[in-house]
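Letter by letter, the sequence shown follows residues 1 to 307 in full-length UniProt numbering.
Cβ atoms here follow ideal geometry from the backbone N, Cα and C, with glycine treated the same way.
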Amino acid sequence: MAVVPLSLRVASGASTSTSLDWPRLLAARGRSAARSRRTLRARARADAGAGTDDVLAHIVRTIRSAAKAGRDPDFFELLGVQVGTDPEDIKKSYRERARVCHPDVAGSEGHEACVVLNEAYATLMDDELREAYQVERTFGSLGFQGSGDALRDLYDILGDTDIGRALRRTPYTGEPLSKVVGRDHFACKIETDEQAAKAVFVDELSCVGCERCFRSNPAVFRMEGTGRARVFGQWLTDEESIQIAIDTCPVDCIHWVPKEQLAPLEYVMQHVLRDRAVFGKSPGDVFAKTATFIAAIQKATETENNL
Ligand code: SF4
């Protein structure tokens, strides 16, 4: 059934307007508007409360799952900021979170969160500590320990290879190129720790540009100027929607990958293989090339640990 636009519905009712009781209608409208405003305010209060609980729950979950895995929690994630965020914004985010997690408000869980939040804040607000932490995090994201020397070793190991040349042009930050939002962000559709441990990746060099993934899930997938798809944002829709895109890809070039492999995979795709394709060389296999990259990182780390 065709939907009649509101303007037409009003116009079609104009012939009955002479029988309407306008004062009563306007009064009723005023009461309805006041009710709507009260409802909106109540909803905003409820949302603010839910957001506060979500932030605390996310911080505690991040701390505990890191402890379970025998590693430190990600300081950037704890503070809800990205690598490269301005110190003033880090401070602002820290203050908001510290207020939510204050033990007087949030009890023992708040105390647990505040201890780690304070450490994260002290680290990220100090230039030297932040730099050292970022390098450690870059390597740690792959399961290795490392430092600035390990990075230099990495450049030496890869030398004049395509990855080595790419690293000299564009330093590897350990950050994914697709958008990743924290679990406490309203747009993040992660519901379980299992989901949080994986990410979605498009092997762009195998993509035939059919646009099915983009059409079924435009929040997550985008088409590049090259006519190939890529992942724009991780977990911006639920798992079922992402899985539908994966299942309907005609060349099976969309993959779930371990979260810690996302950054090196995207780096290799974007900065190593796409360049080769542009220059007419055989681009190679992104997974094999990334394995080489990860192995070089591991070797650099071991070299430094043995010094
Ligand atoms: S469905 Fe597969 S082949 Fe089609 S655009 Fe998406 S990634 Fe490329």
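- Taken through DSSP and simplified to helix, strand or coil, residue 115 comes out as helix.
- Ranked by Cα distance from residue 119, the options 78, 157, 134 are led by 78.
- For residue 242, the Cβ stays outside the 8 Å cut-off from all heavy atoms of the ligand SF4.
- Selection 205, 242, 237 evaluated against residue 187 yields 237 as nearest (Cα-Cα).
- Secondary structure note for residue 95: its alpha helix (DSSP H) is the uninterrupted segment 87-101.
- Shortest Cα-Cα distance from residue 284 to any of 295, 268, 185 involves 268.
- In this structure, 92 is the residue among 100, 67, 235, 92 with its C-alpha nearest to the C-alpha of residue 124.
- In this structure, residue 75 has its CB at a distance of at least 8 Å from all heavy atoms of the ligand SF4.
- Taking all protein chains in view, the Cβ of residue 89 is surrounded by fewer than 16 other Cβ atoms within 10 Å, so the residue is classified as exposed.
- Every alpha helix (DSSP H) of 4 residues or more that sits fully in the segment 224-265 is shown, in chain order, as 239-248.
- Approximately 22 Å separates the beta-carbon atoms of residue 239 and residue 223; this is outside 8 Å, ruling out the contact.
- Burial is judged here by how many other beta carbons sit within 10 angstroms of a residue's own beta carbon; residue 230 has at least 16 and is buried.
- At least one heavy atom of the ligand SF4 is found less than 8 Å from the C-beta of residue 250.
- Inter-segment contact for the segment 289-301 and the segment 212-220 is absent: fewer than three beta-carbon pairs are separated by less than 8 Å.
- The beta carbons of residue 173 and residue 263 sit closer together than 9 Å.
- Taking the CA atoms as reference points, residue 177 sits about 6 Å from residue 266.
- Residue 219 has its CB no nearer than 8 Å to any heavy atom of the ligand SF4.
- Less than 9 Å divides the Cβ of residue 220 from the Cβ of residue 242.
- Distances taken from the Cβ of residue 232 to the heavy atoms of the ligand SF4 include none shorter than 8 Å.
- DSSP places residue 199 in the uninterrupted beta strand (DSSP E) bounded by 198-202.
- In this structure, the C-beta of residue 254 approaches the ligand SF4 to less than 8 Å from one of its heavy atoms.
- In this model, residue 55 and residue 100 are separated by some 8 Å (Cα to Cα).
- If you draw a straight line from the Cα of residue 111 to the Cα of residue 245, it comes to about 42 Å.
- The C-alpha of residue 200 lies about 24 Å from the C-alpha of residue 63.
- For residue 272, the three-state secondary structure derived from DSSP is helix.
- In the displayed model, residue 287 falls within a helix according to three-state DSSP.
- By the Cβ neighbour-count rule, residue 73 is buried, with 16 or more other Cβ atoms within 10 Å of its own.
- Beta-bridge pairing by DSSP links residue 222 to 230.
- The closest heavy atom of the ligand SF4 lies less than 8 Å from the beta carbon of residue 229.
- DSSP places residue 55 in the helix class (H, G or I) of the three-state scheme.
- In the three-state reduction of the DSSP assignment, residue 189 falls in the coil class, being assigned neither a helical nor a strand state.
- Counted as a single uninterrupted DSSP element, the alpha helix (DSSP H) harbouring residue 164 occupies residues 162-169.
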